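Only one structure is covered here, and it is reproduced in the block below.
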């Protein structure tokens, strides 16, 4: 048997719209919501990065049902806002249950958040960012 080879044309790399990091907190339902948002962003040309430092934006999918979960969510939000303040991160987007429950009132605690995205608006993540 003789092997033949063909030259395969190079594939044009997809141009990224930007990089994003993602933090998913809370229950298994939140993980499913996170995966849906991740899929939408990837499909739209955004590139996921493992580290928020240096990313164009970070999305934090929060939990807001029990006090320890709310405190963990607020802690992560503040940590990301510190990176933003240092110029090491672009936008900070807060999504999920805490965002849904507190809405605009969340801005009183973390006023430099760029976007708040409730549970029912997760499908619009691409349009919002």
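Residue numbers (the working numbering): 1432 to 1560. Don't be surprised by glycine CBs; every beta carbon is placed ideally from N, CA and C. All figures in this text were calculated on a predicted structure; none of them were measured in a lab.
Practice problem: Determine the DSSP secondary structure at residue 1530, reduced to helix, strand or coil. | Solution: Start at 1 with the first residue of the chain shown, and residue 1530 comes out as number 99. Here residue 1530 sits in helix by DSSP.
Exercise. Would you kindly work out how many angstroms separate the C-alpha atoms of residue 1553 and residue 1468, rounded to a whole number?
Key: Start at 1 with the first residue of the chain shown, and residue 1553 comes out as number 122. Start at 1 with the first residue of the chain shown, and residue 1468 comes out as number 37. Going by the C-alpha atoms only, they are around 7 Å apart.
Quiz prompt | Helix, strand or coil at residue 1525 [DSSP, three-state] | solution = Your numbering for residue 1525 matches position 94 in the chain shown. Correct three-state label for residue 1525: strand.
Practice problem: On a CA-only basis, which of 1501, 1461, 1499 and 1514 is nearest residue 1492? Give me that one, please. | Solution: Locating residue 1492 in the chain shown gives position 61, counting from the first residue. That would be 1461, whose Cα lies nearest to the Cα of residue 1492.
Practice problem: Pull up the distance between the alpha-carbon of residue 1473 and that of residue 1453, whole angstroms please. | Solution: Position 42 of the chain shown, counted from the start, is the residue given in the question as residue 1473. Position 22 of the chain shown, counted from the start, is the residue given in the question as residue 1453. Their backbone Cα atoms lie some 12 Å apart in a straight line.
Exercise. May I ask you to list the residues that DSSP assigns as paired with residue 1479?
Key: Here residue 1479 refers to the residue found at position 48 when the chain shown is read from its first residue. Partner(s): 1451.
Quiz item: Going by the CB atoms, is the gap between residue 1524 and residue 1512 shorter than 8 Å?
Solution: Sequence index remark: in the chain shown, residue 1512 carries index 81 (1-based). Sequence index remark: in the chain shown, residue 1524 carries index 93 (1-based). The answer is no: Cβ separation not under 8 Å.
Self-check item: Cβ-based burial, residue 1464 [other Cβ within 10 Å; buried from 16]
Solution: Here residue 1464 is taken as the residue at index 33 of the chain shown, counted from 1. Looking at its Cβ environment, which holds 16 or more other Cβ atoms inside 10 Å, residue 1464 is buried.
Self-check item: Enclosing beta strand (DSSP E) for residue 1488 [first to last residue]
Solution: The residue given as residue 1488 occupies position 57 in the chain shown. Per DSSP, residue 1488 belongs to the beta strand (DSSP E) from 1488 to 1493.
Quiz item: Taking residue 1447 as the reference, which of 1480, 1534, 1459 and 1539 has the closest Cα?
Solution: Working through the chain shown from its first residue, we reach residue 1447 at position 16. Ranking 1480, 1534, 1459 and 1539 by Cα distance to residue 1447 puts 1480 first.
Quiz item: What residue from 1560, 1484 and 1526 has the CA that sits closest to residue 1547's CA?
Solution: By one-based count along the chain shown, residue 1547 stands at place 116. The shortest C-alpha separation from residue 1547 is found at 1526.
Quiz item: Does the Cβ-Cβ distance between residue 1518 and residue 1477 come in under 8 Å?
Solution: As a position in the chain shown, residue 1518 is number 87, starting the count at 1. As a position in the chain shown, residue 1477 is number 46, starting the count at 1. Not a contact, by the Cβ cut-off of 8 Å.
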